[in-house]
Amino acid sequence: MIDLKILREDPERVRLSQQVRGESVEIVDQLLALDEARRTAITTFEALRAEQNLLSKSVGAAKGDEKTALLASAKELSAKVKVADSARAEAEVAANAALLLIHNLISPEAPVGSEADFVVLEHFGTPRDFGIKGLEGFEAKDHVELGKILKAIDTERGAKVSGSRSYYLTGVGALLEFALVNYAISSATKAGFIPVIPPVLVNPPAMEGTGFLGQAAENVYHLEEDDYYLVGTSEVPLAAYHMDEVIEGLPLRYAGYSTCFRREAGTYGKDTRGIIRVHQFDKVEMFIFCEPKDALAEHQKLLQWEKDFLNAMEIPYRVIDVASGDLGASAIRKFDIEAWIPTQNAYREVTSTSNCTEFQARRLNIRYRDGDTTKPVATLNGTLVAIPRMIVAILENHQQSDGSVVVPAALRPFLGVDRLLPA
RNA sequence: GGUGGCGUGUCUGAGUGGCCUAAAGAGCACGUCUCGAAAGCGUGUGUUGGGGAGACUCAACCGUGGGUUCAAAUCCCACCGCCACCGCCA
18 MIDLKILRED PERVRLSQQV RGESVEIVDQ LLALDEARRT AITTFEALRA EQNLLSKSVG
78 AAKGDEKTAL LASAKELSAK VKVADSARAE AEVAANAALL LIHNLISPEA PVGSEADFVV
138 LEHFGTPRDF GIKGLEGFEA KDHVELGKIL KAIDTERGAK VSGSRSYYLT GVGALLEFAL
198 VNYAISSATK AGFIPVIPPV LVNPPAMEGT GFLGQAAENV YHLEEDDYYL VGTSEVPLAA
258 YHMDEVIEGL PLRYAGYSTC FRREAGTYGK DTRGIIRVHQ FDKVEMFIFC EPKDALAEHQ
318 KLLQWEKDFL NAMEIPYRVI DVASGDLGAS AIRKFDIEAW IPTQNAYREV TSTSNCTEFQ
378 ARRLNIRYRD GDTTKPVATL NGTLVAIPRM IVAILENHQQ SDGSVVVPAA LRPFLGVDRL
438 LPA
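Okay, so the first sequence: first residue is 18 according to this note's numbering, each after it adds one.
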């Protein structure tokens, strides 16, 4: 949630942010009115309550007729307090509900527009020249085909057992996951991250606090019988880790390894082949709690760690600055890294890093000590490696004409081989 | 899954309807003493929200949510969590 003080003092800034995001602008003025009503209701209630507290005390001290008289007026006052209290509660619920609808105040540096209006910040590496007439002299196979040749990916049996968008990683496919995870965790640990294996089954407060129920609710698996959610990213349990705490020792950097579950509602027909878009995958996610003044710098660091990973995998990629309409509720700015996928002749998102400033921390009530007060921390997240898409990128970019795949040097110590051979 | 016990501030822990403005101790901070420190002594010591330029003031918070009452940490109900034992189990 945003800072109510900013809303009161500079509502125009909030309206503008909502507008470039393509979100409701009217809600801003509704919230202003609801906030005013809320404060009035609080004042009314508290005045009555203070009166009641005094009166109650005198009832305790009084005796006889005096007590009877006091009791009568106390009873009357009690009824008034009850009414004022429920009016206050209603006003607070309404104001809070409206407050939760407003998205984080966008960075003025984020490009304005919808999904297609991203800005390319930089390119790294050069895509190989596949095709008979190209430098490589052979047509690139896609990861599904390579996965079959290597006996690394089995989407057919995945579909048999778990439906569409499911898969088995087998043999070198499974080993590749372990190697990627081990490489990711070991480099994150060297960079000062605390490795974490979080729960992937979380309760409603954790889910709501992270802002996933409003924005992306349709993509979240909900276990109705137990009222638990399956997380779509370990960002959720990592953010909620310090829920309702005043934390010390900032910045705190965590690298969470977990399975991620996504319903992928509304993506019919998109990426139906292969393992680019799946319901379940494993991911190493970086998550940072820091003082708000350090958030910008931490965001750049996250981006750098993500680039380091892609560089180590020797995969061509570009960095994009995601446009205002495609940011998600919590982020003020977001950078995606898109890896080159030869058979799609396109760059595809493999990692993403967001600066959420204090937005999530306010909802989750995570603070730090600043002098003699407490203030909400800033939170940031970034993908270190999302396994299936990284496997796709590695297989397709490092394939050879015989269907074998050269293993990037950084991964060799973790995989034990230089090359994946047809099985 | 069953039975029993427990949930109070940074911690330990008292408090079974009004004297709770939550005792006491520990911790922490500051002061005093000291060459310096410890011990001792003194003072202070939560969070959130409303009002106020501010000193300040008012309200809420004793696991969570309801209820009873003029008045609830205290009584009632539900839920959650923790501990112990039994059963089952990777």
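For every residue, glycine included, the Cβ atom is placed at its ideal position computed from N, Cα and C.
The beta strand (DSSP E) spanning residue i covers which residue range?
| i | result |
| --- | --- |
| Phe298 | 297-307 |
| Arg429 | Arg429 -> not in any beta strand (DSSP E); alpha helix (DSSP H) instead, spanning 429-432. |
| Phe278 | 269-278 |
| Tyr200 | It is not in any beta strand (DSSP E) - Tyr200 instead sits in the alpha helix (DSSP H) that spans 189-207. |
| Val178 | Unbroken run through Val178 is the alpha helix (DSSP H), 172-179; no beta strand (DSSP E). |
Buried or exposed: residue i, going by 16 or more other Cβ atoms within 10 Å of its Cβ?
| i | result |
| --- | --- |
| Glu413 | buried |
| Arg135 | Note on identity: in this sequence residue 135 is Phe, with Arg being the wrong assignment. Looking at its Cβ environment, which holds 16 or more other Cβ atoms inside 10 Å, Phe135 is buried. |
| Asn372 | buried |
| Ala440 | exposed |
| Val100 | exposed |
| Gln377 | buried |
| Glu43 | exposed |
| Phe155 | exposed |
| Thr284 | exposed |
| Thr374 | buried |
Alpha helix (DSSP H) containing residue i: first to last residue?
| i | result |
| --- | --- |
| Pro393 | Per DSSP, Pro393 belongs to no alpha helix (DSSP H); it is in the beta strand (DSSP E), 390-393. |
| Arg25 | 21-26 |
| Ile166 | 160-166 |
| Pro221 | 221-226 |
| Asp325 | 312-329 |
How long is the line joining the alpha carbons of residue i and residue j, rounded to whole angstroms?
| i | j | result |
| --- | --- | --- |
| Ser90 | Glu83 | 11 Å |
| Pro212 | Asn199 | 11 Å |
| Thr172 | Ile383 | 42 Å |
| Gly226 | Ile123 | 19 Å |
| Asp389 | Leu437 | 59 Å |
| Ala363 | Val409 | 13 Å |
| Val31 | Ser41 | 11 Å |
| Glu126 | Gly188 | 45 Å |
| Ser275 | Ala196 | 15 Å |
| Ser131 | Leu319 | 24 Å |
| Cys277 | Leu192 | 19 Å |
| Glu323 | Val178 | 34 Å |
| Gln317 | Gly399 | 10 Å |
| Gln69 | Glu93 | 10 Å |
| Arg294 | Leu327 | 19 Å |
| Asn220 | Leu230 | 12 Å |
| Tyr479 | Met260 | As displayed, the chain neither begins before 18 nor continues past 440, which places residue 479 out of reach and without an answer. |
| Ile59 | Arg182 | 51 Å |
Check: Are the region 307-314 and the region 395-407 touching, with three or more C-beta to C-beta distances below 8 Å?
Finding: Contact between the region 307-314 and the region 395-407 is present, with at least three C-beta pairs closer than 8 Å.
Margin query: I want to know whether the region 257-274 touches the region 297-311 - three or more CB-CB distances under 8 Å.
Written below: Three or more Cβ pairs drawn from the region 257-274 and the region 297-311 lie within less than 8 Å of each other, which places the two stretches in contact.
Next item on the list: Determine contact between the region 357-368 and the region 216-229, defined as no fewer than three beta-carbon pairs at a distance below 8 Å.
Entry: No: fewer than three Cβ pairs fall under 8 Å.
Notebook entry, point to check: If you scan the region 238-265 from start to end, which runs of the alpha helix (DSSP H) of 4 or more residues do you find wholly inside it?
Noted result: DSSP runs (the alpha helix (DSSP H)) wholly in the region 238-265: 252-257.
Margin query: Three Cβ pairs or more, each shorter than 8 Å: is that satisfied between the region 283-293 and the region 330-347?
Written below: These segments do not touch.
Notebook entry, point to check: Can you give, in chain order, each stretch of the beta strand (DSSP E) that sits fully within the region 97-144 and has at least 3 residues?
Noted result: The DSSP assignment places complete beta strand (DSSP E) segments of no fewer than 3 residues inside the region 97-144 at 136-141, in order along the chain.
Next item on the list: Give, in chain order, every unbroken run of the alpha helix (DSSP H) that is at least 4 residues long and sits entirely within the region 358-419.
Entry: DSSP runs (the alpha helix (DSSP H)) wholly in the region 358-419: 376-381, 404-414.
Margin query: With three or more C-beta pairs closer than 8 Å as the rule, is the region 148-164 touching the region 411-429?
Written below: Yes, since at least three Cβ pairs between the region 411-429 and the region 148-164 fall closer than 8 Å, the two stretches touch.
Check: Does the region 53-64 come within contact of the region 103-114, defined as at least 3 CB pairs closer than 8 Å?
Finding: Cβ pair count under 8 Å is three or more, so yes.
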